[in-house]
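I have placed the structure first, in the form of structure tokens, so that the comments after it can refer back to it.
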């Protein structure tokens, strides 16, 4: 898979271990102990059908493999992918055509669509921010750890499909000294010194700073990156100038499609946005049976 | 627990089996194999701290028990709940005060806040729709099966905390004949007849209809409820009049805080809204350490 | 699949998510850490065999897909189904013919037969009650929540295959006010009023009553259904007459093949029987290797 | 714990790892996504209650710890055990008194009772066989691998509580050469020789035989035990005489309370009975709220 | 599969239920939430490759099916096994050739090799002990319960592949009275009497003894086997003579390739060695991509 | 917890989510379906005992919390820790004293000791390498991804307790371009360029090089770190000199306590050693009951 923008690989793909259990659990919840009682009453076991997964709004597709796995669980469903993860589609676009037992298509439908809609929503929100920047500056758009419970790996993937980049995955893969750490450590230099002593050679260390004074302390302590939290645009510009050549700069807080271009124009390296994972609206997708079937 | 509006029980509470596994999985994802490397470097094992869970925006609280369980997993954390599920709070309100090992507070923070923010977001969106109706008509606000993957029980609960009611939980607890079933069955009467034959005595049967003609067919076939999908306001009014005394009426599609009052004024019984579960923005909540600790 | 009686769909089928984990856990228990030590000592890896699943008693088949999945787990086993779920068979009938590695056939045998025997036992007990009624009255035979731990979805399915219908699946899909609720609520009217206020539009409300006085209270409070618990036949007749046109009537308690016809003749709508799930004897089924192999 | 008969330990107790997951899964199934909607509507959160677990029939108690764990999952329930596993009780006997949130008592009730009723049924059936033997001969009553799917460890324990002994737990802990192995191996001597070569020093080897000729072959091959399958009483007597001092003798097939005394009188060492685990009727147990609460 | 030594079956094979969950969990740990970020950046999705699993040291192969399953999880990988479990190989030997998506080969590589290296290490250590004995005496080499956490079934299998035999699998499949039991029971005769009373007919009873006096007590109490713990060679010889014809003899403690021949020459039946499972060094194995690919 | 060497925090502690499932699974494997049959026969339920966890060899303690959790699962066991993780102990040192039901102590013993012995073995091997370096140079000792299947988080923790540092946790938290990537990418510059384009701002990039020519390419491409694989000491010295100030240097391959001092003296930054996790011998630890109990 390549992103439409670059022709480069879109980073690590999802693996089946990232979604198979989730899909099975979700099917079990939807089916409960009694199963699909409506379809069980109406549809004979031997009836086959053809159905299409269709976008009902414009957006970027993400999560097709997860969605199709919901049908795989039942067995006997074949499919043809028309527009895969990373494709930009308009309302009415057919993403995939499925063919198999009508009972399976009906039973897996909602599980499949909920996953596809959620992940496409994250990818679309990310894409829209990338688009809003419009090439100004050189900043990457990244997500945060403010992800939906249970969906971190999937949402991190959706951000990459949306053209964004990933921040750390969790508490384990990068050091990020935040305000609550400073309460414990007492000062930026003390916190950074302690972190440096334990820092693995493949681990980066970032420090969240609220003021230019804290920024200077973090730079002097040789943090690899600094997180400029909720600063005004003029302060951001000063901060970026101060940090240039000394640390990677990241901006966070209050980023919207309306404000992101101005933030990017400060020359910051990274713009991190929590809401693309925790509050992106789902993309509307549906499953339409062929009426002549 | 009682809802602020009514003094009545808010329906079924969450049970530990609804969230314990999710919280443990989410902590495992956040901690990875290396654990909380930042706090592990900075915080001595014996250091205790006091911290507050604080709302950063106005909204309705939901999910406090799930969030607090994230701290319980580590052991040694005590807490006092200030504002429990169902409370309406403003930015700055303290929801709970925690006291325990600083390492545990820092390691559980994000897992706890992500759950609390997500569920409070759903409860707040639901509450805002209930408020927007403002007592016009008698319709209940319900959710749909368009929930976030992995979170159905929790989101259904959040809808109840928001003052809404639950639609069916899945494919297993009510019959809902939708357009794809009609493609298979051929007609509304044929579909309803087949469903009636298999309908358990504690199961209700609803039929989704797009037109007044289909509505009349569903009523004649004695569906318990009818789902009026994407109808215009004038058609809605006619449909409600037609169904009065014969079936429960439900409206779905395109409901927003701006349009819901008009819809309610048609006298419909149920207004179902997908986006309160799949697209409600998270409520911003944070964890603040006491600086004098 | 259609039931032999009606030619209609037998309701919702089982899905793989209903049994795959159970089968894998059961195989792991049977194999332990040391595996099938008898077969491992006697059977060379490359040896194939043909075997038949055979009924050793008369009964109705149920659970063949679950049983065959036990062989699937090992890989390499092919099978042909001779008599599928819903078939009435006599002692000696071949249900399926399997062909594959002898090691796999031997290792999966007991897991497969235990499932098949248990579910066929439930289906057979249900069928025998349906037969005992012999068309008197119009009552359905239903199961209860008194199911074997871990097997609810499978036993509910077996009841449907036996020609019965399902009661609620659990605490979540219908309201049933029982004697312990009345202890809390104080009276039938108080309990029903509270339930009505929280009742979802796709949820039915049933009330368990011990006396005709309680029955009248429940009917006046407009319960959807009433559960007539352990009443004498004359009282049952009065109760059914009283409730006609006002609520669905269900009888429970002390139902046996000898008494069920009389109960059905009262005109009751539903006869629920706990023992068809918690105490039905297993159907004897075996696996016979072809001796010429 | 000691069995009433002997004052000796009843063998290995259950451990929490034997039942905790099962209880949690079963609660999750019963609560579904919507929870206990009846109690949630009727019972205020703060209401406490006292309830008693009561036997409704005569039998032997088994599974109390599993049943009580269902209440533990909700938190806040205290209990006092009146008659523990191994006690023989009559209808009306109180087994335990519980005190705690009424919501928790109601939500855990069915899960607890289903486990307790099932295991007490197995223990009671076993006890009744032991009683039917009445001290004739010296045979032990054992279960088989024909257990209910998912419940092997629990049912093996219930057999011990009923005064029986355990056969092998699975394919891994003893060698048992059965007819299907003989089909592969060609003869008893060939099968035993292969088994002997792989037999661990803590593993016993039993051979199932249908005829006295096969028995003699098994004894000559020095099997540790022989399983005499479906033999007539006279043949049994001859077989026991033949095997005396050479191998442990086990009888299986067609054992009922009416026939077991005659079988035991042949002097056989072990009588194994499949139906005490796969087909024992559940013991009727109930939960009664104190009405003055 | 047959062991090179004997042409006989190597005992029970592994089943998929013994390793599939472990492999999936291990892949999930290695991939984390972000996946294989290096390969994701460098390798285009459509690129295929051919790779070989190669031994980098001499040893005995074990665990190939587990290792290959790691690739199966990703789909699309085909393989040809060159040297299967039980084969003795030298450095440079190709064990299997794989062909499939380069992304899958790279993502599964470490999980596969860690399993294969660990199990081959156990098999090799066992083989080397068997070789060191060199046919002196008749003792079997067995493992103990001192296995690596999470890997008991796999390591027991590797011991069999190495030419060893299995001791009991756990606390459940044989009785072994150890020193801590004697502290509780007070004496060897008291402990054995209690054990005999509860001993199932397919269960063997072994007693650990430290002195010849304890040995005599155990033999008089008719233990099936005796475990001679940390005895000197002369005492071992006396013990073996004393026990001959009365009980199986097992030696444990301080066994190395240098000492095992002398121990075997005492005529002991079983030599159990803890370190072949808990401390055997892994066999070095690697995955080499074909450079012309 | 602080390491003896430094007084600093030893990095991230283990969390319960890192070991609780493993311990429960391991107990379930050891207990099987029949439980602890030896103790069940010998030990009365009400008997309490006091026992000590004792080191039988010199080494560094690691994993005490995991080991003690095995006893916690049974309930009723109290303990006092004498020497916690990170302590250096000699043979005979008491690590913890336990008091509780004898049945629980006996049933959890092996699970607890296997975990404690394995992790203490890893910590001891790491400590011994740190000691062998003896302060020469400034290199850290790190583990690799060659960990025991199922135990990565625990072994990474044990390495930290041993005074070592962690390499990356998996494929997800750092980029490491290895020889197989170079086969695909064609050259070091091409591989590094592709990786750089996808590299997150908190991710480091390391390149494995076999020759000084490859090293120069990697340095020119501005890799953050270089892994010098199996180089001779003279080449190592040249490589370290070449890389100084340009990239972190890591050495891997063939490191033993005898060679590590010379390697460290080259001035390399990191020495990674696979065998401290995959092949470290377990530390011998035991559980001794107090005989006067």
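Residue numbers (the numbering used here), protein chains in the order written: chain U, 1 to 293; chain V, 294 to 586; chain H, 587 to 879; chain C, 880 to 1172; chain A, 1173 to 1465; chain R, 1466 to 1758. Each residue gets a CB set at the ideal place from its N, CA and C atoms; glycine is no exception.
Report the rounded CA-to-CA distance for residue 1742 of chain R versus residue 928 of chain C, giving the unit in angstroms. One C-alpha to the other measures close to 54 Å.
Are residue 439 of chain V and residue 137 of chain U touching if we call contact CB-CB under 9 Å? With contacts defined by Cβ atoms closer than 9 Å, residue 439 of chain V and residue 137 of chain U do not form a contacting pair.
Give the C-beta separation of residue 1148 of chain C and residue 1128 of chain C to the nearest angstrom, bearing in mind that I take them to be a contact with Cβ-Cβ under 8 Å. Contact between residue 1148 of chain C and residue 1128 of chain C holds, since their C-beta atoms are separated by about 5 Å, short of 8 Å.
Cross-strand partners of residue 794 of chain H (DSSP beta bridge): Per DSSP, H/813.
For the segment 449-474 of chain V, enumerate the residues whose C-beta is nearer than 9 Å to any C-beta of chain U, in chain order. Against chain U - using a Cβ distance shorter than 9 Å - the residues of the segment 449-474 of chain V are 462, 463, 464, 465, 466, 467, 468, 469, 470, 471, 472, 473, 474.
With DSSP run on the structure shown, which of helix, strand or coil describes residue 1507 of chain R? Note: residue 1507 of chain R maps to helix in three-state DSSP.
Mapping DSSP to helix, strand and coil, what is residue 1449 of chain A? Residue 1449 of chain A sits in a helix when the DSSP states are folded into three classes.
Does the beta carbon of residue 316 of chain V sit closer than 9 Å to a beta carbon anywhere in chain H? No, residue 316 of chain V lies away from the interface with chain H (no Cβ there is under 9 Å from its Cβ).
Where does residue 1406 of chain R sit, in a helix, a strand or coil, going by DSSP? Outside the modelled stretch of chain R, which goes from 1466 to 1758, sits residue 1406 of chain R, for which no answer is possible.
Pick out the complete beta strand (DSSP E) segments inside the segment 1039-1091 of chain C, 3 residues or longer, and give them in chain order. Qualifying beta strand (DSSP E) stretches, in chain order: 1054-1056, 1084-1088.
Mapping DSSP to helix, strand and coil, what is residue 996 of chain C? The three-state secondary structure of residue 996 of chain C, taken from DSSP, is helix.
I need the straight-line Cα distance from residue 1480 of chain R to residue 328 of chain V, nearest angstrom please. In this model, residue 1480 of chain R and residue 328 of chain V are separated by some 8 Å (Cα to Cα).
Are the C-beta of residue 1183 of chain A and some C-beta of chain H separated by less than 9 Å? It does; some Cβ of chain H falls within 9 Å.
Pull out every residue of the segment 1722-1745 of chain R whose Cβ sits closer than 8 Å to any Cβ of chain U, in chain order. Shown in chain order are the members of the segment 1722-1745 of chain R whose Cβ falls below 8 Å from a Cβ of chain U: 1734, 1735.
What would DSSP say about residue 877 of chain H, mapped onto helix, strand or coil? In this structure, residue 877 of chain H counts as coil in the three-state DSSP scheme.
With H, G and I counted as helix, E and B as strand and the rest as coil, what does DSSP make of residue 388 of chain V? Under the three-state reduction of DSSP, residue 388 of chain V is assigned to strand.
Please list the partners that residue 659 of chain H has in chain A, where partner means a Cβ-to-Cβ separation under 8 Å. Those are 1187, 1188, 1189, listed as they occur along chain A.
From the DSSP output, in three-state form, read off residue 1273 of chain A for me. DSSP places residue 1273 of chain A in strand when its eight states are reduced to three.
Report yes if the C-beta distance between residue 1295 of chain A and residue 1334 of chain A is below 9 Å; otherwise report no. A contact, by the Cβ cut-off of 9 Å.
Residue 259 of chain U, DSSP secondary structure in three states: In the structure shown, residue 259 of chain U sits in coil (DSSP, three-state: anything other than H, G, I, E or B).
Anyone know if the C-beta pair for residue 17 of chain U and residue 52 of chain U falls short of 9 Å? With a cutoff of 9 Å on beta-carbon distance, residue 17 of chain U and residue 52 of chain U are scored as not near each other.
Could you tell me whether any Cβ in chain H is nearer than 9 Å to the Cβ of residue 1170 of chain C? At least one chain H Cβ lies under 9 Å of residue 1170 of chain C.
For residue 842 of chain H, count neighbouring Cβ atoms within 10 angstroms of its own Cβ and tell me buried if that reaches 16, exposed if not. Classified as exposed, residue 842 of chain H has fewer than 16 neighbouring CB atoms from the shown chains inside 10 Å of its CB.
Listing by chain order, which chain R residues have their CB less than 8 Å from the CB of residue 320 of chain V? Against residue 320 of chain V, the close residues of chain R are 1480, 1482, in the order they occur along the chain (beta-carbon pairs closer than 8 Å).
According to DSSP, simplified to helix, strand and coil, what is residue 284 of chain U? Here residue 284 of chain U sits in coil by DSSP.
What residue does the beta strand (DSSP E) around residue 726 of chain H start on, and which one ends it? Unbroken beta strand (DSSP E) run through residue 726 of chain H: 726-728.
Beta-ladder partner(s) of residue 836 of chain H, from DSSP: Residue 836 of chain H is bridged to H/813, H/856.
When H/846, H/840, H/795 are compared against residue 829 of chain H, the one with the closest alpha-carbon: For residue 829 of chain H, the nearest C-alpha among the options comes from H/795.
Suppose contacts are defined by Cβ-Cβ distances below 9 Å. Is residue 1519 of chain R in contact with residue 1568 of chain R by that definition? No, the Cβ-Cβ distance between residue 1519 of chain R and residue 1568 of chain R is not below 9 Å.
Compare the C-beta of residue 579 of chain H with all C-beta atoms of chain U and state if any pair is closer than 9 Å. The structure shown does not extend to residue 579 of chain H, since chain H spans only 587 to 879, so no value can be given for it.
Compare the C-beta of residue 32 of chain U against all C-beta atoms of chain H and say whether one is closer than 9 Å. So yes, residue 32 of chain U belongs to the interface.
Please confirm whether any heavy atom of the ligand MG lies closer than 8 Å to the CB of residue 679 of chain H. Among the components of this structure there are no ligands whatsoever, and the ligand MG is therefore not found.
Rounded to a whole number of angstroms, what is the C-alpha to C-alpha distance between residue 949 of chain C and residue 898 of chain C? Straight-line Cα distance between these residues: approximately 10 Å.
Could you work out which residue in C/992, C/1004, C/954 is closest to residue 1153 of chain C when comparing CA atoms only? Restricting attention to C/992, C/1004, C/954, the CA atom closest to the CA of residue 1153 of chain C is found in C/1004.
On a CA-only basis, which of C/1112, C/971, C/1144, C/1059 is nearest residue 872 of chain H? Give me that one, please. Check the Cα spacing between residue 872 of chain H and each of C/1112, C/971, C/1144, C/1059: the tightest is with C/1059.
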